[in-house]
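J.: When you read off a place in the sequence shown, starting at 1, and then add 100, the result is the number in the numbering used here.
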Amino acid sequence: MVMRLRWRRALPVPDPRTPWREAEFCVIDLETTGLDLRRDEVVSYGAAIVRHARIPCGEVVYRQLRPSRPISIGAMTVHGLRAADLAGAARIDEALDELVGLLAGRVPVAHAAWVERAFLDRALARHGRRLHRVMVDTAALLRATRLDGGQGGREPGLEAAARRLRLPVHTPHHALGDAFTTAQLLLALATRMERGRPARAVTVADLYAVSRHHHGPTAER
């Protein structure tokens, strides 16, 4: 599995040397059938585009997907999506072109990004693609800026982090709401990093380096 993954073509991202304010990002959030990163499936995704440090509200995307396995009670309690709600939805294979279109040429961003990476890489594998190694994790940015609320080894909660920074929280545990909240968090945290580096612009590479250095756990959530 690992050897095969190396030969899947990575989706393109902007030049890592690009100042973050000049880059495009795709902030994505997934809701799933459960917590097993290897077997559970995506039941919805939300995406918000960040362009030139702004979030164009007309370019957000929300899609529900019909899984091939049952939704666990725990997952259903969190996101509220039932099998009946998804009966007429597309399968993830039918949404891959849209996902590739959203992600290609943009820097992918997620909160606790190792979760989204695991599910997206599994889905994209059917298209012969995978995410680029450059990905920004807002949970890691929170840890790096010491705004994680002292969570220790746990991932900082998205809603709590947004409230600490006095940002609006948009429909918690809904994929589009969480994507929009994460996009606002990205803007706030990148701006804070910028203030600490007045001599030069914060680049995509800087955001990735912080995300990689301060990443959270890689086990199943």
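We treat Cβ as the ideally placed atom computed from N, Cα and C, and that holds for glycine.
Everything numeric in this text was worked out from a predicted model, so none of it was measured.
Just the C-alpha distance for D278 and E159, rounded to the nearest angstrom, thanks.
T.: Working through the sequence shown from its first residue, we reach residue 278 at position 178. Working through the sequence shown from its first residue, we reach residue 159 at position 59. Distance between D278 and E159, taken at the CA atoms: about 15 angstroms.
J.: Whether or not the stretch 215 to 222 and the stretch 135 to 155 are in contact is what I'm after, with contact meaning three or more pairs of Cβ atoms, one per stretch, closer than 8 angstroms; do they touch?
T.: yes
J.: If contacts are defined as beta-carbon pairs under 8 angstroms, then A189 and L165 qualify, I think. What distance do you get, rounded to the angstrom?
T.: As a position in the sequence shown, residue 189 is number 89, starting the count at 1. As a position in the sequence shown, residue 165 is number 65, starting the count at 1. Between L165 and A189 the Cβ distance is about 5 angstroms, and since that is below 8 angstroms, they are a contact.
J.: At which residue ranges does the stretch 151 to 178 contain complete beta strand (DSSP E) runs of 3 or more residues, listed in the order of the chain?
T.: Taking only runs of at least 3 residues, the beta strand (DSSP E) segments lying wholly in the stretch 151 to 178 are 161 to 164.
J.: Please look up how many angstroms separate the CB atoms of A210 and E255, rounded, as I've assumed it's under 8 angstroms.
T.: Mapped onto the sequence shown, residue 210 falls at position 110. Mapped onto the sequence shown, residue 255 falls at position 155. Not quite, the Cβ-Cβ distance comes to about 11 angstroms (not below 8 angstroms), so this is no contact.
J.: Which residues share a DSSP beta bridge with R230?
T.: For the purposes of this step, residue 230 is taken as residue 130 along the sequence shown, with counting starting at 1. Answer is A110.
J.: For W107, I'd like the list of residues in its chain whose CB is within less than 6 angstroms of its CB, leaving aside the five on either flank, ordered along the chain.
T.: Here residue 107 refers to the residue found at position 7 of the sequence shown. There are no such residues.
J.: Suppose you measure from the CA of V116 to the CA of A184; what does that come to, to the nearest Å?
T.: Taking the first residue of the sequence shown as position 1, residue 116 is located at position 16. Taking the first residue of the sequence shown as position 1, residue 184 is located at position 84. Looking at the sequence itself, residue 116 is Pro, so the reference to Val does not match. Going by the C-alpha atoms only, they are around 43 angstroms apart.
J.: Determine the extent of the beta strand (DSSP E) in which T132 is found, giving its start and end residues.
T.: Mapped onto the sequence shown, residue 132 falls at position 32. Taken as a continuous stretch (DSSP letters only), the beta strand (DSSP E) holding T132 covers 124 to 132.
J.: Quick check on DSSP: helix, strand or coil for V142?
T.: Along the sequence shown, read from residue 1 onward, the residue named residue 142 stands at position 42. If DSSP states are grouped into helix, strand and coil, V142 belongs with the strands.
J.: Please name the residue in D136, A123, M293 whose C-alpha comes closest to that of S172.
T.: In the sequence shown, the residue the question calls residue 172 occupies position 72. Closest option to S172, Cα to Cα, is D136.
J.: Could you give the distance in angstroms between the alpha-carbon of A239 and the alpha-carbon of S168?
T.: Along the sequence shown, read from residue 1 onward, the residue named residue 239 stands at position 139. Along the sequence shown, read from residue 1 onward, the residue named residue 168 stands at position 68. Whole-angstrom Cα-Cα distance: 30 angstroms.
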